[in-house]
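Novice: The sequence shown begins at 1 in the UniProt record's numbering and counts up by one.
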Amino acid sequence: MSRADLSVVPAFFSISILALAVPLNLASLGLLCTHSRRRRSPTALFMINLATSDLLFLLSLAFLVPYYLSGHTWRLGRVMCHAVTTALFTTTYTSTLLLTAIAADRYVAIVHPFQAKAWRREGYAGLACAAIWVATSSHLGVLNVVDFLDVGGGGRNDTNGTARATCYESFSDRDLRFVSSYRLYVAIVFFFLPLLVTAFCYASVIRSLSKQAAERRGSAQRSRSVRLVAATMAVFLLCFAPFNVSHVIGFARTENIWWRHVSLILNSLNCCLDPLIYYFGASRGSGSSGGGTRKGVNKGVNVPPRIREESQSAV
1 MSRADLSVVP
11 AFFSISILAL
21 AVPLNLASLG
31 LLCTHSRRRR
41 SPTALFMINL
51 ATSDLLFLLS
61 LAFLVPYYLS
71 GHTWRLGRVM
81 CHAVTTALFT
91 TTYTSTLLLT
101 AIAADRYVAI
111 VHPFQAKAWR
121 REGYAGLACA
131 AIWVATSSHL
141 GVLNVVDFLD
151 VGGGGRNDTN
161 GTARATCYES
171 FSDRDLRFVS
181 SYRLYVAIVF
191 FFLPLLVTAF
201 CYASVIRSLS
211 KQAAERRGSA
221 QRSRSVRLVA
231 ATMAVFLLCF
241 APFNVSHVIG
251 FARTENIWWR
261 HVSLILNSLN
271 CCLDPLIYYF
281 GASRGSGSSG
291 GGTRKGVNKG
301 VNVPPRIREE
311 SQSAV
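Here you go:
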């Protein structure tokens with residue numbers, strides 16, 4: 001791919017993603033906050049934080065559009081280069097952990113409904129969200145020990161001969177060894193491990209709901225959960241995976257992989273898919289569908305009302 005392609009393609013897709021994802025996430029955040037003002041379930045609280053993370057990611061992505069359009073020339077200075085890059089990575093991995101938290105919350109609510117009464121509380125969910133933000137911010141902030149801004153490196157000059165600055169693209173050999181190693185660590189801790197946890201949680205949820213479906217109860221809940229699993233795994237595998245695989249390959253080769261900008265585009269697509277997760281995760285169904293589910297649960301097993309409420313609030 002030519003230098004022009006590496007500028008035009010990311011700029012075009014970034015603008016398209018911003019145009020679609022910003023209104024979707026603003027609307028989702030407004031609906032989540034409006035409909036859960038009285039009593040927020042853990043799932044709703046995780047989704048509010050996820051929508052906030054997506055909007056902060058999109059705000060950071062907006063600063064990359066002029067960077068791409070100017071042929072990868074950074075004109076906003078060293079501080080903004082560090083701030084935008086750190087925000088992009090922090091919100092990316094905040095989203096992966098929040099998606100995992102949603103999966104874990106549904107696992108507890110559906111697979112272990114009796115324990116859900118003790119664990120699924122708004123206060124605990126709030127602490128989990130705070131811990132996630134602190135963990136990602138502190139870990140990604142470590143990268144700032146190296147200089148992200150490279151001025152005139154590799155003979156990069158504008159047409160008038162002025163040295164051209166790039167942001168988070170070129171490093172000294174020593175810094176590149178550190179960056180590639182730390183990227184691998186971050187990918188393992190904040191992507192691959194959460195992916196395994198998320199897959200386990202949703203596999204257990206589907207297994208549990210399949211047993212209910214076999215007994216002719218919970219079919220509507222199972223249908224919504226299957227759609228939620230599909231949307232979540234699509235975000236992990238289609239959006240986040242290529243970006244994190246580039247970290248693994250970059251570590252193996254000790255170099256900046258040229259297609260990292262392409263993987264960042266795919267990474268950005270999660271902001272368009274997350275509203276589907278809000279819909280499938282927050283929707284309980286209505287009318288006969290929702291009533292059928294509740295009736296089936298009551299008929300099939302003698303579960304106390306409070307625990308039934310905890311389980312259904314995850315849907």
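Every residue gets a Cβ at the ideal spot worked out from N, C-alpha and C, and that includes glycine. Every value quoted in this text rests on a predicted model; they were computed, and no experiment measured them.
1) Which residue marks the beginning of the alpha helix (DSSP H) containing Thr73, and which one marks its end?
2) Considering only their Cβ atoms, is the gap separating Pro275 from Ser95 smaller than 7 Å?
3) Since Cys239 is in the beta strand (DSSP E), which residue starts that stretch and which ends it?
4) Please give me, in chain order, every unbroken run of the alpha helix (DSSP H) with length at least 4 that falls completely inside the stretch 50-102.
5) In this structure, does DSSP put Gly161 in helix, strand or coil?
6) Three or more C-beta pairs closer than 8 Å, one from the stretch 86-103 and one from the stretch 54-67: is that the case here?
7) Can you list, in chain order, the residues of its chain whose CB lies under 6 Å from that of Leu24, leaving out five sequence neighbours each side?
8) Between the alpha carbons of Arg164 and Pro10, how many angstroms are there, rounded?
9) Which complete alpha helix (DSSP H) runs does the stretch 105-132 hold, if anything under 4 residues is left out?
10) Check whether the Cβ atoms of Phe46 and Leu98 sit closer than 7 Å, and answer yes or no.
11) How far does the alpha helix (DSSP H) with Leu184 in it extend, from its first residue to its last?
12) Does the beta-carbon distance from Leu228 to Phe280 come in below 7 Å?
13) Whose C-alpha, out of Tyr182, Ser223, Ala231, is nearest the C-alpha of Asn256?
14) With which residues is Leu195 paired in a DSSP beta bridge?
15) Using a Cβ cut-off of 7 Å (strictly closer), state whether Thr91 contacts chain C.
16) Considering Cα atoms alone, identify which of Leu209, Phe191, Thr43 is closest to Arg242.
Specialist: Per the coordinate set shown:
1) Run containing Thr73: none; DSSP gives neither H nor E here.
2) Their beta carbons are not under 7 Å apart, which means Ser95 does not touch Pro275 by this criterion.
3) That residue, Cys239, is in no beta strand (DSSP E); it is neither H nor E in DSSP.
4) The stretch 50-102 is shown to contain no whole alpha helix (DSSP H) run of 4 or more residues.
5) Unreliable positioning characterises Gly161 in this predicted model, as indicated by a pLDDT of 46, which lies under 50. The coordinate reading is nonetheless provided below. In this structure, Gly161 counts as coil in the three-state DSSP scheme.
6) Under the three-pair Cβ rule at 8 Å, the stretch 86-103 counts as touching the stretch 54-67.
7) So the qualifying residues of the chain are Pro275.
8) When rounded, the distance between both Cα atoms is 19 Å.
9) The stretch 105-132 contains these whole alpha helix (DSSP H) runs: 113-119.
10) Their beta carbons are under 7 Å apart, which means Phe46 touches Leu98 by this criterion.
11) In the DSSP annotation of this structure, the continuous segment of the alpha helix (DSSP H) that includes Leu184 starts and ends at 173-187.
12) The beta carbons of Leu228 and Phe280 sit closer together than 7 Å.
13) In this structure, Tyr182 is the residue among Tyr182, Ser223, Ala231 with its C-alpha nearest to the C-alpha of Asn256.
14) The partner list for Leu195 (beta bridge, DSSP) is empty, contrary to what the question assumes.
15) No chain C is part of this structure, which consists of one protein chain only.
16) For the record, residue 242 in the displayed sequence is Pro; it is not Arg. Residue Phe191 is the option with its Cα nearest to Pro242.
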